[in-house]
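Undergrad: Residue numbers (the working numbering): 90 to 309. Every residue gets a Cβ at the ideal spot worked out from N, C-alpha and C, and that includes glycine. I am attaching a structure below and will ask some questions about it afterwards.
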Ligand code: AMP
């Protein structure tokens, strides 16, 4: 039973690497942003609340986020191992996660920080396209699809997220980077934080993430 937390600013590549960990290590991929977007699309009370914050690039309040995410973590598919993508995003969320895991005799085994400078993140987000069926991620320059506007994997149309405009991205960064620092400190104190250079090509980042998991497993 392995719990991996992927950390990084919005657009650092957490989703891309999480999909790799899902396939390679058989972990359930739990993405907080996807959970919230599903709630928004379904028009649930949580979705209506979340939408007010997400559309402004702000964090959804801790109490709501913790409830939604911990419910998801409790589902059967996550019990044998999970990669957490986008949660925890604040110190309070990190504490709540530790408490919930401890109750079940589990813990965060690996916290992997994907480091990318802010100015690169703003440029990345502006060119990001996402497959409407399964969330496969493309970039107009760094990782274009073979056919413009169409997902290589499943042929579904690619869409841009409403909250990926340059202004919203800058607002997200300003609000979220301070909170990310708290989460990084949290895991550094617990001795499980590892860092990878997120500016390298996707495949090399994947190799670095894999190396951390395999190395830690060998060292344990
Ligand atoms: P993401 O897809 O991870 O970039 O998340 C999109 C948006 O959902 C963020 O900009 C936040 O508004 C919200 N969100 C996602 N995860 C969290 C979280 N752990 N805490 C608070 N808000 C979140």
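Please state whether the Cβ-Cβ distance between residue 162 and residue 119 is less than 8 Å.
TA: Yes. Within cutoff.
Undergrad: So, helix, strand or coil for residue 284, using DSSP?
TA: Residue state, collapsed to three classes: strand.
Undergrad: Sort 104, 99, 90 by Cα distance to residue 298 and report the nearest one.
TA: Residue 298 has its Cα closest to that of 104, out of 104, 99, 90.
Undergrad: Hey, would you say residue 273 sits closer than 8 Å to residue 202, going by beta carbons?
TA: Taking 8 Å as the Cβ cut-off, residue 273 and residue 202 qualify as a contacting pair.
Undergrad: Does the beta-carbon distance from residue 168 to residue 268 come in below 8 Å?
TA: In this structure, residue 268 does not lie closer than 8 Å to residue 168 by Cβ.
Undergrad: Taking the C-alpha atoms as reference points, what is the distance between residue 238 and residue 211?
TA: Taking the straight line from one Cα to the other gives about 21 Å.
Undergrad: Measure from the alpha carbon of residue 102 to the alpha carbon of each residue in 175, 90, 248, then state which is nearest.
TA: Per the Cα distances, 175.
Undergrad: Would you mind working out which of 204, 96, 144 sits nearest residue 254, comparing C-alpha positions?
TA: Ranking the options by Cα distance to residue 254, first place goes to 144.
Undergrad: What is the DSSP secondary structure of residue 149, reduced to helix, strand or coil?
TA: The answer is coil: DSSP assigns residue 149 none of H, G, I, E or B.
Undergrad: Is residue 121 near the ligand AMP, going by C-beta to nearest heavy atom under 7 Å?
TA: Yes, the beta carbon of residue 121 sits closer than 7 Å to at least one heavy atom of the ligand AMP.
Undergrad: Can you round the beta-carbon distance between residue 204 and residue 286 to whole angstroms, since I take them to be within the 8 Å contact cut?
TA: Indeed they touch by this definition, with Cβ atoms about 6 Å apart.
Undergrad: My parser needs the alpha helix (DSSP H) runs of 4 or more residues fully inside the stretch 138–189; what are they?
TA: As far as the stretch 138–189 is concerned, its whole alpha helix (DSSP H) runs of at least 4 residues are 151–162.
Undergrad: Can you list, in chain order, the residues of its chain with a C-beta nearer than 7 Å to that of residue 194? Leave out the 5 residues immediately preceding and following it.
TA: None.
Undergrad: Residue range of the beta strand (DSSP E) that residue 225 falls in?
TA: Residue 225 -> no beta strand (DSSP E), and no H or E assigned at all.
Undergrad: Any heavy atom of the ligand AMP closer than 7 Å to the Cβ of residue 143?
TA: It does: the Cβ of residue 143 is within 7 Å (strictly closer) of some heavy atom of the ligand AMP.
Undergrad: If we call anything under 8 Å between Cβ atoms a contact, is residue 106 one with residue 95?
TA: Yes; because the gap between Cβ atoms is below 8 Å, this pair is in contact.
Undergrad: With a CB to CB cut of under 7 Å and the five nearest residues on each side skipped, what residues in its chain are close to residue 135?
TA: Same-chain partners within the cutoff: 128, 153, 157.
Undergrad: Could you pull out every residue in the same chain whose Cβ sits closer than 8 Å to the Cβ of residue 90, ignoring the five residues on either side in sequence?
TA: Excluding positions up to five away in sequence, the list reads 168, 169, 170, 195.
Undergrad: Quick one, which of 229, 206, 292, 221 has its alpha-carbon nearest residue 215's?
TA: The shortest C-alpha separation from residue 215 is found at 229.
Undergrad: Considering only the beta carbon of each residue, do residue 250 and residue 100 sit closer than 8 Å?
TA: No, these two residues do not count as a Cβ contact at 8 Å.
Undergrad: If you compare alpha carbons, which of 289, 248, 198, 138 is closest to residue 279?
TA: Considering only alpha carbons, the answer is 198.
Undergrad: Tell me whether the beta-carbon of residue 151 lies closer than 8 Å to the beta-carbon of residue 181.
TA: In contact: residue 151 and residue 181 (Cβ atoms closer than 8 Å).
Undergrad: Note down, in chain order, each residue of its chain lying with its Cβ closer than 7 Å to the Cβ of residue 275, except the 5 sequence neighbours on either side.
TA: Answer for residue 275: 180, 183, listed in chain order.
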